[in-house]
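The sequence shown maps to residues 46 to 406 in my numbering.
Report on the following structure.
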Amino acid sequence: MLTIILKIYGIDTCRISSLYKFLSKFYVVFMHLIPAYLALAYILLHLYYSMPIQFALGCVAASVFPLAIHHSIRSKKHLLNNVLTNYYKINSLQNITRNTNKRLVANLLVAGTALITMLFATMIAMMMASNPLIKPAFSLFINFEDDVLGISVCFIVIQIMHIYQFAFPVFAGIMCGFFYYEFGEIFLRFRKELKCKGSSFYRDDILSSVKMYSSLYQLVHDLQNAVSLPCFFFLCTLLTDLFCTIASFVITWEKHVSAPHLCETVLIITLAIPSVVGTVLCGSRINTQYQKTQTAIVLLKDRLIKQAYYDETIVCYLNLMMDKEFPIMSACGIVQLTPNFMLGMFGSLFTYSLLILNLKK
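See below:
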């Protein structure tokens, strides 16, 4: 399923079929119509249905970010194709075949995200039928009767809106996490091969490792350039959703929390926190493997120098690898994908909740 999403964006090493080209055009229309309708719906809810202005503005901002993710992926399509091509080349050099288990995990994550979103959206649609204040926003602001047509329109609109606003950003996060994780795996295999080759200290073996390390150096920079912008908007989307959810829930929980609002809060927390944590951990894994590889190179060099006679050319090769500094994966250079970022994020969410409570009192 992740492959289907990539092909819709034209990201694939093979020739894209006519079906995916048609889906791509339909998808572009879909991704522009939904945020326009959402922005209009929240503005009308504020003007005619007493939605607080701060909630309306927050929801409008949250509805625009998935569109930003969409355009960021399209703008990086050629870079992502280049990363995929080089990824397959390095895998072939390492004699690695495609792992069906990893593809299965990625597909399960995408399918699970879609099913969870659709399940909660169905529950919300059933509850919305009896809520006259919120129902108009999910029925195209047309006064339908409570018949099959009215219920069907409301159900379809809610499903589409939730897929766009909550599931799609998670799909983008899974894509980013998949790229990060796979590169971390390449780094791990390289480190293991280096240890095996280093035990013999043959010049040709070390030279082949230097060439592979240079390819990894180029690939990690290409990966950073390709995934950084989509990852940034992915984080912006989910963090905005979390902040808006916390704000609305903290302010209204003492008065009356509607069942649809509660379901949407649970949905956002269920999808946002695991996807952000997973993507950040996959991104930080690259730097972890790089540090371990640098340590392995230093130990290899020390072991070589301790010998009575050693090849100075091999030492020069090892120094070349040690001099290469790999970048830490980041979101547009603004935040680095490290565990410290996750701690800061959760700390800011907690502080934000306390601030709202204090202002409310």
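We put the beta carbon where it would ideally sit given N, CA and C, even for glycine.
When rounded, the separation of the alpha-carbon atoms in Asn136 and Ser108 is 39 Å. Under the criterion of beta carbons closer than 8 Å, Ser117 and Phe278 qualify as touching, at roughly 5 Å.
Shown here, Ser303 sits in coil according to DSSP, grouped into three states, outside any helix or strand. Contact between the region 95-112 and the region 60-71 is not established, with fewer than three Cβ pairs separated by less than 8 Å. For Ser375, the secondary structure class from DSSP, reduced to helix, strand or coil, is strand. Sequence-distant Cβ neighbours of Thr383 in its own chain, meaning closer than 6 Å and more than five residues away, are Ser329.
Within its own chain, the residues whose Cβ lies closer than 8 Å to the Cβ of Gln334, once the five positions on either side in sequence are excluded, are Gly229, Phe232, Leu233, Arg236, listed in chain order. Per DSSP, reduced to three states, the secondary structure at Gln204 is helical. The DSSP-derived three-state label of Gln334 is helix. Here Val265 really is in contact with Ile331; their C-beta atoms are around 7 Å apart, less than 8 Å. Between Val215 and Thr158 the beta-carbon gap is near 5 Å, inside 8 Å, which marks them as a contact. For Asp368, the enclosing alpha helix (DSSP H) begins and ends at 357-368. Looking at the DSSP output, Val380 sits in a beta bridge with Ala376.
When DSSP states are grouped into helix, strand and coil, Gly157 belongs to the helix group.
Exclusion of the five residues before and after Leu283 leaves Pro214, Ala317, Ser320, Val321 as the residues of its chain whose Cβ lies within less than 7 Å of its Cβ. When rounded, the separation of the alpha-carbon atoms in Gly392 and Gly103 is 21 Å. Given a length threshold of 4 residues, each whole run of the alpha helix (DSSP H) inside the region 60-119 is given here in chain order: 63-93. Under the three-state reduction of DSSP, Asp250 is assigned to helix.
Taking all protein chains in view, the Cβ of Val155 is crowded by 16 or more other Cβ atoms within 10 Å, so the residue is classified as buried. Around the Cβ of Gln210, a 10 Å sphere holds 16 or more other Cβ atoms; the residue is buried.
Taking a C-beta distance under 9 Å as the contact criterion, Cys281 and Cys221 do not qualify as a contact pair.
In this structure, the CA atom of Ser254 is about 21 Å from the CA atom of Lys351. With respect to the C-alpha of Arg148, the residue from Ser303, Leu160, Ile49, Ile208 having the closest C-alpha is Ile49.
Ile50: member of the alpha helix (DSSP H) spanning 47-53, first to last residue. A direct Cα-Cα distance of roughly 32 Å separates Lys52 from Ala86. In the three-state DSSP reduction, Ile56 falls in the coil class, being neither helix nor strand.
Excluding residues up to 5 positions away in sequence, Gln204 lie with their Cβ nearer than 7 Å to the Cβ of Met163 in the same chain. In the DSSP annotation of this structure, Lys351 is not part of any alpha helix (DSSP H), being labelled neither H nor E. In this structure, DSSP gives Gln269 a helical state, which the three-state scheme calls helix. The distance from the Cβ of Glu309 to that of Ile169 is about 6 Å, consistent with a contact at the 8 Å cut-off. According to the DSSP assignment, Tyr133 belongs to the alpha helix (DSSP H) that extends over 122-138.
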